[in-house]
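Each position in the sequence shown, counted from 1, maps to that position plus 221 in my numbering.
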Amino acid sequence: MYDNKQIQVLQQQTLSFLLQAGQQKNLAGPADINQLRDVLRFHEYRYYVMSEPLLSDYEYDRLYQLLQHTEKQHPELISTDSPTQRVGSSLNQSFVTVQHLVPMLSLDNSYNADDLADFDRKARELSGLDTIEYCIEPKFDGASISLIYENDRLVRAATRGDGVEGDDITTNIKQIRSIPLTAAFSSYGISQIEIRGEIIMSKNAFEKYNALLVAQNLSTLANPRNAASGSLRMKDPKDVAQRSLDAFLYHVSYFIKEDTKDHLSTANANLLASHSGTLELLWNLGFRSPQKEKRVVQGIQPVIDYCLDFEAGRDNLPYEIDGMVVKVNDIALQDQLGMTSHHPRWAIAFKFKARQATTKLRAVDFQVGRTGAVTPVAKLDPVYLGGVTVSSISVHNEEYIKEKDLKIGDSVLIERAGDVIPQIVKSLPELRDGTEQDIIFPNVCPVCKSELSKEETEAVWRCINIECEAQVVEKIIHFVSKDAMDIKSFGDANVRKFYELGLLKDIPGIYELAYEQIGELEGFGKKSLDNLRTAIEASKQQPLHRLVYGLGIRFVGETTAKTLANSVEHILDFKNKTEEELIRLEDVGGKVAKSIHHFFLNEQNIHMLEHLATLGLQLKNQKKEVVAAGALMGKTFLFTGTLAKLKRSEAEAMAEAQGGIIVSGVSVKLNYLVVGEDAGSKFEKAKKINTIKIISEEEFLQLVAE
Ligand code: IVH
Numbered sequence: 222m223y224d225n226k227q228i229q230v231l232q233q234q235t236l237s238f239l240l241q242a243g244q245q246k247n248l249a250g251p252a253d254i255n256q257l258r259d260v261l262r263f264h265e266y267r268y269y270v271m272s273e274p275l276l277s278d279y280e281y282d283r284l285y286q287l288l289q290h291t292e293k294q295h296p297e298l299i300s301t302d303s304p305t306q307r308v309g310s311s312l313n314q315s316f317v318t319v320q321h322l323v324p325m326l327s328l329d330n331s332y333n334a335d336d337l338a339d340f341d342r343k344a345r346e347l348s349g350l351d352t353i354e355y356c357i358e359p360k361f362d363g364a365s366i367s368l369i370y371e372n373d374r375l376v377r378a379a380t381r382g383d384g385v386e387g388d389d390i391t392t393n394i395k396q397i398r399s400i401p402l403t404a405a406f407s408s409y410g411i412s413q414i415e416i417r418g419e420i421i422m423s424k425n426a427f428e429k430y431n432a433l434l435v436a437q438n439l440s441t442l443a444n445p446r447n448a449a450s451g452s453l454r455m456k457d458p459k460d461v462a463q464r465s466l467d468a469f470l471y472h473v474s475y476f477i478k479e480d481t482k483d484h485l486s487t488a489n490a491n492l493l494a495s496h497s498g499t500l501e502l503l504w505n506l507g508f509r510s511p512q513k514e515k516r517v518v519q520g521i522q523p524v525i526d527y528c529l530d531f532e533a534g535r536d537n538l539p540y541e542i543d544g545m546v547v548k549v550n551d552i553a554l555q556d557q558l559g560m561t562s563h564h565p566r567w568a569i570a571f572k573f574k575a576r577q578a579t580t581k582l583r584a585v586d587f588q589v590g591r592t593g594a595v596t597p598v599a600k601l602d603p604v605y606l607g608g609v610t611v612s613s614i615s616v617h618n619e620e621y622i623k624e625k626d627l628k629i630g631d632s633v634l635i636e637r638a639g640d641v642i643p644q645i646v647k648s649l650p651e652l653r654d655g656t657e658q659d660i661i662f663p664n665v666c667p668v669c670k671s672e673l674s675k676e677e678t679e680a681v682w683r684c685i686n687i688e689c690e691a692q693v694v695e696k697i698i699h700f701v702s703k704d705a706m707d708i709k710s711f712g713d714a715n716v717r718k719f720y721e722l723g724l725l726k727d728i729p730g731i732y733e734l735a736y737e738q739i740g741e742l743e744g745f746g747k748k749s750l751d752n753l754r755t756a757i758e759a760s761k762q763q764p765l766h767r768l769v770y771g772l773g774i775r776f777v778g779e780t781t782a783k784t785l786a787n788s789v790e791h792i793l794d795f796k797n798k799t800e801e802e803l804i805r806l807e808d809v810g811g812k813v814a815k816s817i818h819h820f821f822l823n824e825q826n827i828h829m830l831e832h833l834a835t836l837g838l839q840l841k842n843q844k845k846e847v848v849a850a851g852a853l854m855g856k857t858f859l860f861t862g863t864l865a866k867l868k869r870s871e872a873e874a875m876a877e878a879q880g881g882i883i884v885s886g887v888s889v890k891l892n893y894l895v896v897g898e899d900a901g902s903k904f905e906k907a908k909k910i911n912t913i914k915i916i917s918e919e920e921f922l923q924l925v926a927e
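This is the structure in structure tokens:
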């Protein structure tokens, strides 16, 4: 990107600008400003793209401030591609949907050497070649983006979205310093170009960012990928800047080349003829492409070797990758091979295996959940596994423990695939020394000591004492949770704390808190107390279905809670409903009906609801009259596959707004199945039931509009 001569000049200019910054001098004029911008761009490139800075952070800041200061005095000289213009000012931006110039496809996956050999065989058959040249590079684990440059300037950045349309996130993307705002594409005769890549967060940045969250008492992010993808649509660009994101660019999907015989040397033209050349061209123009990580080889065997080598060293990389991508190197051959509607035939992802580690199982704790289920949790010697430290893992139930042959003191093999919760794969009995002990399942509740019971058809043991402390606490936690009554600023920790201090003993107690006493606790200033009180008061007006869900009736999820709430005028109407009546409701089977019936037969539960009514909670179905007029009244809907225009939740809300009912499975009770892209088993099942109307998203929108 910069040759030695240029570097020398830029370094000299750097020194001179640093001197001026030290003497608090202003720059002379436009020529100087442009030079300073070039100097800053150079240092950004050294730092963010090459990871070889030539300046300390402090010195960089001095230069940056010098530019800021000068631009303030000469606002007429500010240009949109100045390094100072990355920081956007539009608070609370909303995102406009934009069309991709070329659809953003996905990749086909392979998992082992055989899959790769298959891929190679097909490519050879289709092309008629004996040996194919491949370029291999890491599969970055982040969020994909598209960048468009016109006349050397970044004009648009967009998320992948559904592959056809994404969100315009240009302002946010400008916060990422490894993405140049300008690049000299014109020197290659290119006037417009679309580049694809991945926004990632390095392991280091991820750890620092999480530490920051911990310090602010906020919940941490699960992994670098979530951190990166969650950043793209943040409302305030400053928040994006704070996350120290990074980008790898690995694909050119489209470009327009002017007819420029003079300045397009043969060497440059050739670059775009191969994938490896494209990576080199991007690198030469100041982009962080996998130029150093890539490898070009002939035939599939070296591809396999390189993939396995990289997999072995993945933990030493500064960023997360979840596999490798193998691409046919010759672009003309890529075009010849073409693509399916889902993925190109000239590329394939090689997915890494789940990460595994061995550690010791030291003990088993037994935890009591909201429904009284007693879950054994294995306590392990802490071990680092794919971005997180694992020290405890649920081992589900007695049968599971037997099946995996687990003993206390065992060495165990654990694994974690991507985002998935860590699991014990197996114990390693060959490493036993005789001191291991059987895991004894308790026959009394570890919390309230009452006897546990187990139904024949179930694998779990339960504490059936409904006054059991553990259950009461878990029930309150569920009641205040986001999907139930959504009492913000309450949270698990506060529920536990208040319970332990005797300030809260049941669900109605939430609405009778002694705020004066809470105000005396450490960490409860006036502001947090006010927030808590406001959130609790606001929850009294939550729609009925949230209350029904919040009660934590077994087998009643959010969808069923909505069906239930919609079927009555007042929650206490359930007292008089028989199981048969309940089964007639959409989405309610025998097991669910029994559980609901049982709940409303219980005197204590009825007392609790009456108590909640006296405390001012809304127990009536307020929406009922409104939806009665809805065009889709009583019709059942199910959405499957990926919708192109609407989010699933938006579509569901639209149906519900007109009286429609959302169900969770295909059955004869279903009226409409709305199918999006890649619809699977639900679609197949619905085709066999001819009373179900199968409609597209478009048809659904028409239905709603009518
Ligand atoms: S090539 C038509 N190369 O993986 C070109 N994709 O599972 C298709 N990804 O959507 C993409 N690293 O977001 C390509 N080196 C790489 C990649 C990569 C990560 C992502 C990309 C894609 C997804 C498919």
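Using N, Cα and C, we set each Cβ at its ideal position, and we do this for glycine too.
Rounded separation between T403 and F469 - CA only: 16 Å
Contact test: R717 Cβ vs the ligand IVH heavy atom, cutoff 7 Å: no
CB of I817 within 8 Å of CB of V777, strictly: yes
From I397, V435, S788, residue whose alpha carbon lies closest to that of S423: I397
Exposure label - V935; buried when at least 16 CB within 10 Å: For residue 935 there is no data in the structure shown, the boundaries of the chain being 222 and 927.
For F921, three-class secondary structure by DSSP: helix
Extent of the continuous beta strand (DSSP E) to which F531 belongs: No beta strand (DSSP E) contains F531, which is instead part of the alpha helix (DSSP H) from 522-533.
Per-residue DSSP class, three states only, for Y332: coil
4 or more residues per run - each alpha helix (DSSP H) lying fully within the segment 602-681: Runs found: 619-624.
Reduced DSSP category for A852 - H, G, I as helix; E, B as strand; rest coil: coil
Sequence-distant residues of its chain with Cβ nearer than 6 Å to P597 (five each side left out): V585, F587, V616
In DSSP terms, what I369 is bridged to: R377, E415, per the DSSP bridge assignment.
Exposure of T318, with buried meaning 16 or more beta-carbon neighbours within 10 Å: exposed
Contact set for E807: own chain, Cβ-Cβ below 6 Å, skip 5 residues either direction: T784, T857, I882, V884, K890
Candidates N247, H264, K246, of which the one nearest Q232 by Cα: H264
Spatial distance of I708 from S702 (CA atoms): 7 Å
Contacts around Q241, its chain only, beta-carbon distance under 6 Å, and the 5 residues preceding and following it disregarded: none
Exposure of P401, with buried meaning 16 or more beta-carbon neighbours within 10 Å: buried
Cβ-heavy atom distance, K360 to the ligand IVH, below 7 Å: Yes, since a heavy atom of the ligand IVH falls inside the 7 Å radius drawn around the Cβ of K360.
heavy atom of the ligand IVH below 7 Å from R576 C-beta: Outside the cutoff, so no.
Nearest-angstrom Cβ-Cβ length linking F508 and I414, presumed shorter than 8 Å: With a Cβ gap of about 11 Å, F508 and I414 do not count as contacting.
Helix, strand or coil at H791 according to DSSP, with G and I counted as helix: strand
The segment 379-387 in contact with the segment 346-363 per 3-pair CB rule at 8 Å: no
Length of the line joining the Cα atoms of R381 and M325: Rounded to whole angstroms, R381 to M325 spans 7 Å at the Cα level.
Whole-angstrom distance between Y355 and Q519, CA atom to CA atom: 6 Å
Residues near P251 in its chain [Cβ-Cβ closer than 6 Å; skip 5 each side]: L298
CA-to-CA distance, L634 to E358, given in whole angstroms: 30 Å
Those residues which DSSP pairs with S495 across a bridge: D551
D278, DSSP secondary structure in three states: In the three-state DSSP reduction, D278 falls in the helix class (H, G or I).
Nearest to S671 (by Cα), restricted to the options E690, G655, A786: E690
heavy atom of the ligand IVH below 7 Å from Y279 C-beta: no
8 Å contact criterion, which I525 and D362 should meet: CB distance rounded: With a Cβ gap of about 21 Å, I525 and D362 do not count as contacting.
Candidates E800, E918, F821: closest to K812 by CA position: E800
beta-carbon E873 near the ligand IVH non-hydrogen atom, thresh 7 Å: no
Runs of alpha helix (DSSP H) lying entirely within the segment 233-291, each at least 4 residues, in chain order: 251-265
Closer than 7 Å: L326 CB and nearest the ligand IVH heavy atom: yes
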